[in-house]
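A.B. asks: Chains A and B supply the protein sequences, listed in that same order.
Under the numbering used here, the first residue of the first sequence carries the number 1, and numbering increases by one thereafter.
Under the numbering used here, the first residue of the second sequence carries the number 1001, and numbering increases by one thereafter.
We treat Cβ as the ideally placed atom computed from N, Cα and C, and that holds for glycine.
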Amino acid sequence: MSAIDTEYWYLASYPKSGNTWCRVFISELQRLAAKSEPQELNLNRDIETGAIASSRHWLDDQLGVNSCDLSFAELDPLRGRAGESAWLFAEGERFHKVHDAFKSPDSHGRPVVSTAGCRGVVYILRHPEDVVVSLSHFFSWPLERCVDYLLDPTAALMPGERHGGHQVRQHMGRWDQHVRSWADQPELPLLVLRYEDMLAKGPETFMTLVQFLDLPTEPVLVEQALANTSFEKLKKLEEQVGGFAEKPEGCERFFRSGRTGEGAEQLSIEQRMRLAKGLGEIMERFDYEGVELG
Amino acid sequence: MSPGDWRLELEGIGWFRAFGGRQLSWERWDDSVSDRDLRTFLVTSGLAALVIQRGGLVLHGTTVVREGHAVLLLGSPASGKSTLAWCLLQKGWQLLSSELTVVDAHGLVAPGIQQLKLWHDSTVALDVDWQKLPPVRRGLKRCALGSSELPVAVDPTPLALIYDLGRRKPTNLKSEKENLKDDSNANQEEESSSSEQQLFRAWSRKSERGALLTLRNQAYQPRFYRAMEQEASLFMQASYLLKRVPVHSLNAPDGITTMRNALEGVDLFNPESLFRQEEHLAAVEIES
């Protein structure tokens, strides 16, 4: 097996920050570059960038045990060692989605994802006010609950220990802790992308992405892939397949708006102030404007 | 790790080693680790490694028996194997082997570990008194039901059928919304309203290759076979088994109580009765 077959990257983000768009773009670029498939992208068939790093099936295979027999506190320190064997991510899937923070309170100071052989991480972030609105539609939660969630240092996906699931718990913490955990980690080469730049400066931003990921960089291909995965196009493709597979029940559509600035429109001043107060430092670092704190 | 020397380190729990198909040894991490902790991994991963070293076929699934015939329920973690098995045991079936199943060259399933592990939420939905049951391990919200609480079969039993179990909502469609269920609302199952979604549905494997890959992927575990250089043997044994035993996919309704209710009238020995109409016609065409 050549080294190139086993190279892999992470696409890390807080949920609802553009991770899926990124994966769809990568799939489409690879499809165009392969020139083997004349049909249009099928959202529910072609998005095969790689397993999510929290997949229980994948972890069981990597760790050699039934992870249901481990508590989350026992599992987190082990997760970073998943994949130490030579077969890590060797199934041709090279871009792995991650929603966990880089480390968890249970991981003994170690990453919860494997870093051995990893080429790098693309960290995608989005204005937290817009994340709140998007989460609210996705989870069918009121905006206030989503504001609480972004500010919760214990926030996690799959937090319940009383039932099984196809993914293990993913500790995220507060939104700013999540960003910092990835943006300031020294172990993996890093590319930070802002969702807003992916939207406003598409060709330039996605060119940086493909260069980082060693994907085809012909401008015509990148622009075509971008055009084929524009938000309007994705909405249309979602209609064609009768709902994107990753859309939760109760959520009308996965590709809903994609706009920026919805948070400023829909959140109350109090809600925006809470976000600015709790997350201000990281918002400022990444040029996100919030309300002025008096 | 060499082919005849399988080792597993579980930080905080212990070290495990299967050697030459004969010897299973362990060392606990520290004194806080209980025998039950060690046993949990010895009788699953440890035993599986030993069986593979002996050249056996070990699959990730639970086998139940009725009237002298065995049905193997394969499935990825959290696919509902134990819950379905528990429901079947309430309807006159017996447990032959749980979590991992060893099948010999004649298609006989050996009696194995006879313990069902049910998540706390499953016990609540199934009216099982979890407070009277030991946890799988201290601190886990999973209960262990052993052979004293369950009807079990004790003789090797010929395998009649294999089902690859999935839930109505396939694995990769599980959303983050689903994942966010916390302890406070996890008991409130969303029972599906459509009648089709409340039924068990089976379909046949279209190709021998598909069936073979199902068995290969549900080995316990494919990575063990690779590491022990037994992958060719796995394919050969799986292929041989497929000549004797059919493999079907079985889609169970999502929701524990829905699944239990849907079992009424289901004949697992007659998978065709669980086919959709069009699938049934296709199967008839193939046969004719």
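#1: Starting from A:Val-65, find everything on chain B with Cβ-Cβ shorter than 8 Å and list it in chain order.
#2: Applying the criterion that 16 or more other CB atoms from any shown protein chain within 10 Å of the CB defines a buried residue, is A:His-96 buried or exposed?
#3: Leaving aside the five residues before and after B:Arg-1201 along the sequence, list all residues of the same chain whose C-beta is less than 8 Å from its C-beta, in chain order.
#4: Rounded to whole angstroms, what is the Cα-Cα separation between A:Pro-15 and B:Thr-1157?
#5: Under 9 Å between the Cβ atoms of A:Pro-189 and A:Pro-203?
#6: On a Cα-Cα basis, can you pick out the residue from B:Pro-1246, B:Arg-1066 and B:Gly-1012 that is closest to B:Ser-1034?
#7: Just to confirm my understanding: we take B:Ser-1239, look at its own chain, exclude 5 residues before and 5 after, and list those with CB closer than 7 Å. What are they?
#8: Taking the Cβ atom as the reference point for each residue, do B:Leu-1145 and B:Trp-1093 lie within a distance shorter than 9 Å?
#9: Going by the CB atoms, is the gap between A:Gln-62 and A:Ala-295 shorter than 9 Å?
#10: Contact defined as beta carbons within less than 8 Å: I believe B:Leu-1010 pairs with B:Gly-1046. What is the distance between those atoms, to the nearest angstrom?
#11: Measure the Cβ-Cβ separation of A:Ala-156 and A:Arg-145 and say whether it is below 9 Å.
#12: Please check if any C-beta of chain A sits within less than 9 Å of the C-beta of B:Ile-1335.
#13: Does DSSP classify A:Gln-185 as helix, strand or coil?
#14: At a Cβ cut of 7 Å, what residues of the stretch 146 to 177 of chain A count as close to chain B, listed as they run along the chain?
#15: Quick check on B:Ile-1013 - is its C-beta less than 9 Å from some C-beta in chain A?
#16: Which residues in the same chain have their Cβ closer than 7 Å to the Cβ of B:Asn-1179, if we skip the five residues on either side of it in sequence?
#17: Name the residues in the stretch 1230 to 1253 of chain B whose C-beta lies less than 7 Å from a C-beta of chain A; which are they?
#18: From A:His-178 to A:Leu-135, what does the alpha carbon distance come to, in whole angstroms?
#19: Please decide whether A:Arg-272 counts as near chain B, where near means a Cβ-Cβ distance under 9 Å.
#20: According to DSSP, what are the bridge partners of B:Ala-1081?
#21: Provide the residue span of the alpha helix (DSSP H) that contains A:Tyr-195, from first to last.
#22: I'd like to confirm the pairing. Which residues does DSSP put opposite B:Ala-1049 in its beta bridges?
#23: For B:Gln-1023 and chain A, any beta-carbon pair shorter than 9 Å?
#24: In its own chain, which residues sit with a C-beta less than 8 Å from the C-beta of A:Leu-151, not counting the 5 before and 5 after it?
#25: On the premise that A:Gly-164 lies in contact with B:Trp-1130, defined as a C-beta separation below 8 Å, what is that separation, rounded to the nearest angstrom?
#26: Take the Cβ of A:Leu-215 as the centre, count every other Cβ of all protein chains shown within 10 Å, and call the residue buried at 16 or more, exposed below.
#27: At the level of alpha carbons, what is the spacing between A:Gly-80 and A:Glu-161?
#28: Hey, how far is the Cα of B:Asp-1127 from the Cα of B:Leu-1116?
#29: Determine whether the beta carbon atoms of B:Pro-1077 and B:Ile-1162 lie at a separation below 9 Å.
#30: For B:Asn-1251, does the three-state DSSP call read helix, strand or coil?
#31: Rounded to the nearest angstrom, what separates A:Thr-205 and B:Leu-1089 at their Cα positions?
#32: Contact criterion: CB-CB distance below 9 Å. Does B:Ala-1078 meet it with respect to chain A?
#33: With a Cβ-Cβ cutoff of 9 Å, do B:Ala-1070 and B:Met-1228 count as a contact?
#34: At a CB-CB cut-off below 9 Å, which residues of chain A make contact with B:Gln-1090?
#35: If we require 3 or more residues per run, which beta strand (DSSP E) segments fall completely within the stretch 127 to 183 of chain A?
#36: B:Pro-1271: which of B:Arg-1017, B:Ser-1148 and B:Asp-1164 sits nearest, CA to CA?
C.D. replies: Looking at the coordinates:
#1: Your numbering for residue 65 of chain A matches position 65 in the first sequence. Correct list: Leu-1008, Leu-1010, Phe-1041, Thr-1044 and Ser-1045.
#2: As a first step, residue 96 of chain A is located in the first sequence; it is residue number 96 there, counting from the start. Classification for A:His-96: buried.
#3: Working through the second sequence from its first residue, we reach residue 1201 of chain B at position 201. Result list for B:Arg-1201: Leu-1250, Asn-1251, Leu-1274, Phe-1275 and Arg-1276, in chain order.
#4: Counting from 1 along the first sequence, the entry for residue 15 of chain A is found at position 15. Counting from 1 along the second sequence, the entry for residue 1157 of chain B is found at position 157. Computed Cα separation, rounded: 48 Å.
#5: By 1-based counting over the first sequence, the position of residue 189 of chain A is 189. By 1-based counting over the first sequence, the position of residue 203 of chain A is 203. No, the Cβ-Cβ distance between A:Pro-189 and A:Pro-203 is not below 9 Å.
#6: Residue mapping note: residue 1034 of chain B aligns to position 34 of the second sequence, counting from 1. It is B:Gly-1012 whose Cα lies nearest to the Cα of B:Ser-1034.
#7: Taking the first residue of the second sequence as 1, we reach residue 1239 of chain B at position 239. Same-chain partners within the cutoff: Leu-1212.
#8: As a first step, residue 1145 of chain B must be located in the second sequence, where it is residue number 145. As a first step, residue 1093 of chain B must be located in the second sequence, where it is residue number 93. Cβ atoms of B:Leu-1145 and B:Trp-1093: not closer than 9 Å.
#9: The displayed coordinates of chain A run from 1 to 294. Any statement about residue 295 of chain A would go beyond what the structure contains.
#10: For the purposes of this step, residue 1010 of chain B is taken as residue 10 along the second sequence, with counting starting at 1. For the purposes of this step, residue 1046 of chain B is taken as residue 46 along the second sequence, with counting starting at 1. Not a contact, Cβ separation roughly 11 Å.
#11: Taking the first residue of the first sequence as 1, we reach residue 156 of chain A at position 156. Taking the first residue of the first sequence as 1, we reach residue 145 of chain A at position 145. Contact flag unset, no.
#12: Lying before the first or after the last residue shown, residue 1335 of chain B is absent from chain B, which here runs from 1001 to 1288.
#13: Start at 1 with the first residue of the first sequence, and residue 185 of chain A comes out as number 185. Of the three classes helix, strand and coil, the one that applies to A:Gln-185 here is coil, per DSSP.
#14: Leu-157, Met-158, Pro-159, Gly-160, Glu-161, Arg-162, His-163, Gly-164, Gly-165, His-166 and Gln-167
#15: Position 13 of the second sequence, counted from the first residue, corresponds to residue 1013 of chain B. Judged by the 9 Å Cβ criterion, B:Ile-1013 is in contact with chain A.
#16: In the second sequence, residue 1179 of chain B corresponds to position 179, counting from 1. Because B:Asn-1179 sits at a pLDDT of 46, beneath the cut-off of 50, its placement in the model cannot be relied upon, and the point is left open.
#17: none
#18: Within the first sequence, residue 178 of chain A is the residue found at index 178, counting from 1. Within the first sequence, residue 135 of chain A is the residue found at index 135, counting from 1. Answer to the nearest angstrom: the Cα atoms are 16 Å apart.
#19: As a first step, residue 272 of chain A must be located in the first sequence, where it is residue number 272. So, not an interface residue.
#20: As a working note, residue 1081 of chain B is residue 81 in the second sequence. Contrary to the premise, residue 1081 of chain B reads as Lys rather than Ala in this sequence. In DSSP, B:Lys-1081 forms no bridge with anything.
#21: In the first sequence, the residue the question calls residue 195 of chain A occupies position 195. That run of the alpha helix (DSSP H) goes 195 to 200.
#22: Counting from 1 along the second sequence, the entry for residue 1049 of chain B is found at position 49. Beta-bridge pairing links B:Ala-1049 to no other residue.
#23: The residue labelled residue 1023 of chain B in the question sits at position 23 within the second sequence. No, because no Cβ of chain A sits closer than 9 Å to the Cβ of B:Gln-1023.
#24: One-based indexing of the first sequence puts residue 151 of chain A at position 151. Arg-174, Trp-175, Arg-274, Leu-275, Gly-278 and Leu-279.
#25: In the second sequence, counting from the first residue as 1, residue 1130 of chain B sits at position 130. In the first sequence, counting from the first residue as 1, residue 164 of chain A sits at position 164. Wrong, their Cβ atoms sit about 15 Å apart, outside the cutoff.
#26: Counted from its first residue, the first sequence places residue 215 of chain A at position 215. With 16 or more other Cβ atoms within 10 Å, it is buried.
#27: Stepping through the first sequence from its first residue, residue 80 of chain A is reached at position 80. Stepping through the first sequence from its first residue, residue 161 of chain A is reached at position 161. Using only the alpha carbons, I get a separation of about 21 Å.
#28: For the purposes of this step, residue 1127 of chain B is identified with residue 127 of the second sequence, where counting begins at 1. For the purposes of this step, residue 1116 of chain B is identified with residue 116 of the second sequence, where counting begins at 1. Using only the alpha carbons, I get a separation of about 15 Å.
#29: Taking the first residue of the second sequence as position 1, residue 1077 of chain B is located at position 77. Taking the first residue of the second sequence as position 1, residue 1162 of chain B is located at position 162. No, they are not a contact pair.
#30: Walking along the second sequence from the start, residue 1251 of chain B turns up at place 251. Here B:Asn-1251 sits in strand by DSSP.
#31: Locating residue 205 of chain A in the first sequence gives position 205, where the first residue counts as 1. Locating residue 1089 of chain B in the second sequence gives position 89, where the first residue counts as 1. Computed Cα separation, rounded: 58 Å.
#32: As a first step, residue 1078 of chain B is located in the second sequence; it is residue number 78 there, counting from the start. So, interface residue.
#33: In the second sequence, the residue the question calls residue 1070 of chain B occupies position 70. In the second sequence, the residue the question calls residue 1228 of chain B occupies position 228. No, these two residues do not count as a Cβ contact at 9 Å.
#34: Residue numbering aside, residue 1090 of chain B sits at position 90 when the second sequence is read from its first letter. Result: empty, since nearest Cβ-Cβ is about 20 Å, beyond 9 Å.
#35: none
#36: Mapped onto the second sequence, residue 1271 of chain B falls at position 271. The residue with the shortest Cα to Cα distance from B:Pro-1271 is B:Asp-1164.
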